[in-house]
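A short worksheet on the structure shown next.
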Amino acid sequence: MPSRNHQGCPHFPFSSPFPMSSKNSTNLAYLFFRGYYANIKDPEKLNKEAEKDYAQQLERINLQLFGASLATHGGSAWPANADLTEPPFFQFQLYTTYPGLFTGAGTSHETGALGEIKMGFQFDYTSGLPVVAGSTVKGCLRHRLGQLLLAAKEHPGAVKTYLADRCRPFSTLPEAHVKVALEALIQATFAGPAHPYRRDIFFDAFPVESKNVHTRFLGRDFITPHGDNPLKEPTPLQFMKLLPGVAIRFSFRLHDFSWEAGAFTLPAADKKNLFYRLLQDWGLGAKNRNGYGRLKPQVHDWETVQTGSLPFGQSTPSASPPGKGPGKSQSQSQGKARDHATERKESEKPVSSGTLQVGAVYTVRIVQHIQGKKGMRVTFRLPGRDYEFKRTVPDVSQYPIGSEVKVKIHSLGKLPQEVQCEFVV
């Protein structure tokens with residue numbers, strides 16, 4: 035039998051998918067749950083100066099989390115194990131889309147300190163990587179099939195058409211038998227009395243690839259709860275998410291399903307295909323109604339984070355060959371650049387924060403259209419910021435998704451989302 039974690043969810047029936055080694059960097063799960071509060075004091079007893087210092091400490095840890103590289107933390111270490119690609123084991127991978135994936139919201143992770151991540155996140159304790167628990171995958175698929183079962187009571191024809199389009203064996207099922215067969219499938223797959231070695235198992239799902247810059251896979255986002263007063267100025271609450279453009283590998287141990295002595299059969303491979311399509315149609319994870327947790331087979335570059343600094347702790351590589359300094363012409367050009375920088379007046383130097391500069395104009399790409407309280411809004415990303423900025427526009431048709439527009443920076447605040455900017459015509 036597969037080993038089980040603290041949640042009763044089966045792990046892989048072989049070695050850990052991302053074995054930790056001395057070459058791997060900090061375990062992100064430990065950093066998030068233990069290192070985050072290693073030197074914590076009672077936030078209510080902190081004076082203003084100490085509170086500011088503690089907020090800066092938390093932000094340094096946040097940058098380490100959000101700057102983590104999937105390649106460095108084991109994203110390319112998935113074992114080439116033949117058992118995963120041969121029945122009864124099946125797997126597939128899907129990419130997260132904008133705005134990302136959020137799981138583990140119910141985990142406690144808050145003290146009230148300024149600048150901290152206010153919500154929990156689901157990590158695998160062994161590898162330190164984000165994980166979608168097998169119980170989450172199982173519960174999501176069970177819920178979606180349950181919704182189809184309810185719909186089949188009144189609209190069996192529509193449900194059959196939906197299932198047949200996603201899984202060919204359902205096309206041979208008579209319309210009158212759709213409800214009963216679907217109910218039997220749910221019972222056998224998720225709660226059946228089959229022998230333990232004949233039960234379907236849903237393994238934990240891990241990120242295995244990132245199309246983002248520096249293979250980054252974690253980012254920050256904010257919610258702004260208004261409470262009972264819609265006019266009250268909200269306090270942004272920061273939380274962690276899996277970035278768009280991250281491939282998640284789902285793994286299962288599946289068995290053939292047969293109903294009424296072979297009147298309807300669903301081979302394990304077709305069952306895998308059904309799960310593949312259901313996850314694309316419905317997604318999974320928290321804040322699903324707000325667009326989080328949506329998955330698809332491929333993503334475009336403009337849907338991913340293609341700007342930002344190097345992963346935390348890494349420096350920009352030198353353009354010179356190893357062991358050699360810059361050439362004479364290169365040294366001269368660098369010296370001239372330093373001279374010009376020295377001659378610039380202090381008042382003329384732009385105020386900068388990260389890769390952004392006040393007064394600078396950047397080309398950004400429109401990511402999404404959303405409905406706001408004051409009209410349609412467009413979202414876009416600025417260089418070096420994981421946060422998706424939103425702006426209300428009079429005519430959203432002038433800003434099609436994927437198009438490029440110019441944005442001018444007016445001011446920068448202490449937090450990454452505190453940026454005042456406007457579109458430049």
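Reading the sequence shown from the start, the letters are residues 35 to 459 in the working numbering.
Positions of the beta carbon are idealized from the N, C-alpha and C atoms, including for glycine.
Fully enclosed by the stretch 122-187, which alpha helix (DSSP H) runs are 4 residues long or longer? If we require 4 residues or more, the alpha helix (DSSP H) runs fully inside the stretch 122-187 come out as 168-186.
Straight-line Cα distance separating ALA302 from GLY191: To locate residue 191, count along the sequence shown from 1; it is residue 157. To locate residue 302, count along the sequence shown from 1; it is residue 268. Cα to Cα, the separation comes out at about 24 Å.
Have a look at GLU452 and GLU188 and give me their C-alpha separation to the nearest angstrom. Along the sequence shown, one-based indexing puts residue 452 at 418. Along the sequence shown, one-based indexing puts residue 188 at 154. Going by the C-alpha atoms only, they are around 50 Å apart.
Taking Cβ to Cβ, would you say LYS330 is nearer than 8 Å to TYR129? Start at 1 with the first residue of the sequence shown, and residue 330 comes out as number 296. Start at 1 with the first residue of the sequence shown, and residue 129 comes out as number 95. Closer than 8 Å, so yes.
Can you have a look at TYR231 and say buried or exposed, based on whether 16 or more other CB atoms are within 10 angstroms of its CB? Here residue 231 corresponds to residue number 197 of the sequence shown, with the count starting at 1. Under this definition TYR231 is an exposed residue.
Cα-Cα separation between VAL439 and ASN246, rounded to whole angstroms: As a first step, residue 439 must be located in the sequence shown, where it is residue number 405. As a first step, residue 246 must be located in the sequence shown, where it is residue number 212. Cα-Cα distance, rounded: 21 Å.
Do you know whose CA, among GLN181, GLY447, GLN156, lies nearest GLY168's CA? Here residue 168 refers to the residue found at position 134 of the sequence shown. Of GLN181, GLY447, GLN156, the residue nearest in Cα terms is GLN156.
According to the neighbour-count rule (16 or more other Cβ atoms, all chains shown, within 10 Å of its Cβ), is PRO278 buried or exposed? For this step, residue 278 is matched to residue 244 along the sequence shown. So PRO278 ends up on the buried side.
How many whole angstroms separate the CB atoms of THR137 and THR170, which I take to be in contact at a CB cut-off of 8 Å? On the sequence shown, position 103 is the one that residue 137 refers to. On the sequence shown, position 136 is the one that residue 170 refers to. By a beta-carbon distance limit of 8 Å, THR137 contacts THR170. Their separation comes to about 6 Å.
Round the Cβ separation of ARG399 and GLY436 to the nearest angstrom and send it over; I've been treating them as touching at under 8 Å. Here the question's residue 399 lines up with position 365 in the sequence shown. Here the question's residue 436 lines up with position 402 in the sequence shown. Right, the Cβ-Cβ distance comes to about 6 Å (below 8 Å), so this counts as a contact.
C-alpha distance - PRO270 paired with PRO259, whole-angstrom precision: Residue 270 sits at position 236 when you count from the first residue of the sequence shown. Residue 259 sits at position 225 when you count from the first residue of the sequence shown. Straight across, the Cα-Cα distance linking PRO270 with PRO259 is about 7 Å.
If you draw a straight line from the alpha carbon of LEU175 to that of ASP238, how long is it in whole angstroms? In the sequence shown, the residue the question calls residue 175 occupies position 141. In the sequence shown, the residue the question calls residue 238 occupies position 204. Distance between the alpha carbons of LEU175 and ASP238: 14 Å.
Close beta carbons around ALA105, own chain, < 6 Å, minus the five adjacent residues each side: The count along the sequence shown starts at 1 and reaches residue 105 at position 71. Counting only Cβ-Cβ distances below 6 Å, and skipping sequence neighbours, we find THR249.
Pair every Cβ in the stretch 421-434 with every Cβ in the stretch 395-409, then say whether three or more of these pairs are closer than 8 Å. Short answer: they touch.
Euclidean distance between Cα positions of PHE126 and ALA281: The sequence position of residue 126 within the sequence shown is 92, counting from 1. The sequence position of residue 281 within the sequence shown is 247, counting from 1. Taking the straight line joining both Cα atoms gives about 10 Å.
State the DSSP-derived secondary structure class of ILE435, mapped to helix, strand or coil. By one-based count along the sequence shown, residue 435 stands at place 401. If DSSP states are grouped into helix, strand and coil, ILE435 belongs with coil.
Could you name the residues of the same chain whose beta carbon sits closer than 7 Å to that of GLY149, not counting the 5 residues immediately before and after it, in chain order? Reading the sequence shown from its first residue, position 115 is the one you call residue 149. Cβ within range, chain order: ALA89, LEU92, GLU93.
Contacts around LEU135, its chain only, beta-carbon distance under 7 Å, and the 5 residues preceding and following it disregarded: For the purposes of this step, residue 135 is taken as residue 101 along the sequence shown, with counting starting at 1. Answer for LEU135: LYS275, LEU276, GLY319, TYR326, GLY327, listed in chain order.
Name the two residues that bound the continuous beta strand (DSSP E) containing THR338. Counting from one through the sequence shown, the residue named residue 338 turns up at place 304. Per DSSP, THR338 belongs to no beta strand (DSSP E) and is neither H nor E.
Under 8 Å between the Cβ atoms of ILE220 and LEU179? Numbered from 1 along the sequence shown, position 186 holds the residue referred to as residue 220. Numbered from 1 along the sequence shown, position 145 holds the residue referred to as residue 179. Remark: C-beta atoms of ILE220 and LEU179 approach each other more closely than 8 Å.
Helix, strand or coil, according to DSSP, for LEU255 in the structure here? Residue 255 sits at position 221 when you count from the first residue of the sequence shown. It is Asp, not Leu, that sits at residue 255 in the sequence shown. When DSSP states are grouped into helix, strand and coil, ASP255 belongs to the strand group.
Does DSSP put GLU85 in a helix, a strand or coil? Here residue 85 is taken as the residue at index 51 of the sequence shown, counted from 1. Here GLU85 carries a helix assignment [DSSP, helix/strand/coil].
Taking the DSSP output, what are the residues bridged to ALA281? Against the sequence shown, residue 281 aligns to sequence position 247. Its beta-bridge partners are TYR129, GLU243.
Whole-Å CB distance - VAL458 paired with VAL395, under 8 Å assumed: Counted from its first residue, the sequence shown places residue 458 at position 424. Counted from its first residue, the sequence shown places residue 395 at position 361. Confirmed, Cβ separation roughly 6 Å.
With distances taken Cα to Cα, identify the nearest neighbour of VAL333 among TYR132, LEU416, PHE67, PRO121. Locating residue 333 in the sequence shown gives position 299, counting from the first residue. Considering only alpha carbons, the answer is TYR132.
Roughly how many whole angstroms lie between the Cα atoms of GLY226 and ARG233? Start at 1 with the first residue of the sequence shown, and residue 226 comes out as number 192. Start at 1 with the first residue of the sequence shown, and residue 233 comes out as number 199. Looking at the backbone, the Cα of GLY226 and that of ARG233 are separated by about 8 Å.
Quick one: residues in its chain with C-beta nearer than 6 Å to the C-beta of THR223, no 5 flanking neighbours on either side, listed in chain order? As a first step, residue 223 must be located in the sequence shown, where it is residue number 189. Same-chain partners within the cutoff: ASP234.
On the three-state DSSP scale, how would you describe GLY191? Locating residue 191 in the sequence shown gives position 157, counting from the first residue. Judged by DSSP in its simplified three-state form, GLY191 adopts helix.
Using DSSP bridges, identify the partner residues of GLU456. For the purposes of this step, residue 456 is taken as residue 422 along the sequence shown, with counting starting at 1. In the DSSP output, where bridge partners are listed per residue, GLU456 has LYS442.
Cβ neighbour criterion (16 or more within 10 Å) applied to PRO360: Stepping through the sequence shown from its first residue, residue 360 is reached at position 326. Annotation note: pLDDT 42 at PRO360 (below 50); position unreliable, coordinate value reported separately. Label assigned to PRO360: exposed.
Compute the distance between the beta-carbons of PHE240 and LEU163, then report whether it is under 8 Å. In the sequence shown, residue 240 corresponds to position 206, counting from 1. In the sequence shown, residue 163 corresponds to position 129, counting from 1. With contacts defined as CB atoms closer than 8 Å, PHE240 and LEU163 qualify as a contacting pair.
SER381 to LEU416, Cα distance in whole Å? By one-based count along the sequence shown, residue 381 stands at place 347. By one-based count along the sequence shown, residue 416 stands at place 382. Confidence at SER381 is low in this model, with a pLDDT of 31, below 50, so the placement of that residue should be treated as unreliable; the coordinate-derived value is given next. The straight-line gap from Cα to Cα measures roughly 25 Å.
Buried or exposed for GLU294, going by 16 or more other Cβ atoms inside 10 Å? Position 260 of the sequence shown, counted from the start, is the residue given in the question as residue 294. An exposed status is given to GLU294, since fewer than 16 other beta-carbon atoms sit within 10 Å of its beta-carbon.
What does the alpha-carbon distance come out to for the pair PHE204 and GLU120? Here the question's residue 204 lines up with position 170 in the sequence shown. Here the question's residue 120 lines up with position 86 in the sequence shown. Each residue's Cα considered, the two are about 24 Å apart.
May I ask you to report which of helix, strand or coil DSSP gives GLU267? Position 233 of the sequence shown, counting from 1, holds the residue named residue 267. DSSP places GLU267 in coil when its eight states are reduced to three.
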